[in-house]
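> I'd like to ask you about the structure that follows.
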Amino acid sequence: MFATYILAIVLVSFVIAALFFHLSGKANEEFIKCWALSWVFYSCALVCLISSNTYETVYFVEIKKLFDMGSVLCILYGIHKFYRVKIPGYWFRFSIYLTVWLFVAVFLDLDSLSVSLPIFLFDIMIVLAI
Numbered sequence: 010m011f012a013t014y015i016l017a018i019v020l021v022s023f024v025i026a027a028l029f030f031h032l033s034g035k036a037n038e039e040f041i042k043c044w045a046l047s048w049v050f051y052s053c054a055l056v057c058l059i060s061s062n063t064y065e066t067v068y069f070v071e072i073k074k075l076f077d078m079g080s081v082l083c084i085l086y087g088i089h090k091f092y093r094v095k096i097p098g099y100w101f102r103f104s105i106y107l108t109v110w111l112f113v114a115v116f117l118d119l120d121s122l123s124v125s126l127p128i129f130l131f132d133i134m135i136v137l138a139i
């Protein structure tokens, strides 16, 4: 039951992403493409959520964290492009550091809190920056 609702939300979010890509083609605006890419990342995160519940593995949860981080980062880039403000480079660099941290933490089989907390704090910092 849970998976069917999530699957419906995934389909709707992919449709919204397609609509945003269509609008960005018509309007020729970069910020709409960033927001469309954010919807794609969000949809992929939901697919990982379904997969983690189906296959009972931790790897889908970790991949979901990457997609969530990418989604929030695309929203930030889209807002900066909308206001025509140069985005600071440290946001992208810090996301690369967190991606490397995630791979190292999965390789070393660290606990979930030490993997999730830095990415969660990064997402909170982006939300506060918006």
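Residue numbers (the numbering used here): 10 to 139. All residues carry an ideal CB built from backbone N, CA and C; glycine is no exception.
1. Rounded to whole angstroms, what is the Cα-Cα separation between residue 21 and residue 96?
2. Taking only three categories from DSSP, how would you classify residue 94?
3. Taking the alpha carbon of residue 50 as the point to measure from, which residue in 125, 110, 72 and 133 has its own alpha carbon closest?
4. Using three-state DSSP, classify residue 71 as helix, strand or coil.
5. Please state the DSSP three-state secondary structure of residue 66.
6. Using the three-state DSSP reduction, which class does residue 120 fall into: helix, strand or coil?
7. Rounded to the nearest angstrom, what separates residue 117 and residue 123 at their Cα positions?
8. Measure from the C-beta of residue 61 to each C-beta in chain C and report whether the shortest distance is under 7 Å.
9. Count the other CB atoms, across all protein chains shown, that sit within 10 Å of the CB of residue 86; report buried if there are 16 or more and exposed otherwise.
10. Are the stretch 22-32 and the stretch 57-64 touching by the rule of at least three beta carbon pairs closer than 8 Å?
11. Using 8 Å as the cut-off, can you tell me whether the stretch 35-55 makes contact with the stretch 95-111, which would need three or more C-beta pairs spanning the two stretches below that distance?
12. Which of helix, strand or coil does DSSP assign to residue 139?
Quick look at the numbers:
1. Looking up residue 21 in the sequence shown gives position 12. Looking up residue 96 in the sequence shown gives position 87. Going from the Cα of residue 21 to the Cα of residue 96 covers about 30 Å.
2. Here residue 94 refers to the residue found at position 85 when the sequence shown is read from its first residue. Looking at residue 94 - three-state DSSP - the assignment turns out to be coil, as it is neither helix nor strand.
3. Within the sequence shown, numbered from 1, the residue matching residue 50 stands at position 41. Nearest C-alpha to residue 50: 72.
4. Taking the sequence shown and counting its residues from 1, one reaches residue 71 at position 62. DSSP places residue 71 in helix when its eight states are reduced to three.
5. Walking along the sequence shown from the start, residue 66 turns up at place 57. Three-state DSSP puts residue 66 in coil, outside helix and strand.
6. Taking the first residue of the sequence shown as 1, we reach residue 120 at position 111. Here residue 120 sits in coil by DSSP.
7. Counted from its first residue, the sequence shown places residue 117 at position 108. Counted from its first residue, the sequence shown places residue 123 at position 114. Distance between the alpha carbons of residue 117 and residue 123 is about 11 Å.
8. This model lacks chain C altogether; it includes just one protein chain.
9. By one-based count along the sequence shown, residue 86 stands at place 77. Looking at its Cβ environment, which holds 16 or more other Cβ atoms inside 10 Å, residue 86 is buried.
10. no
11. no
12. Counting from 1 along the sequence shown, the entry for residue 139 is found at position 130. Of the three classes helix, strand and coil, the one that applies to residue 139 here is coil, per DSSP.
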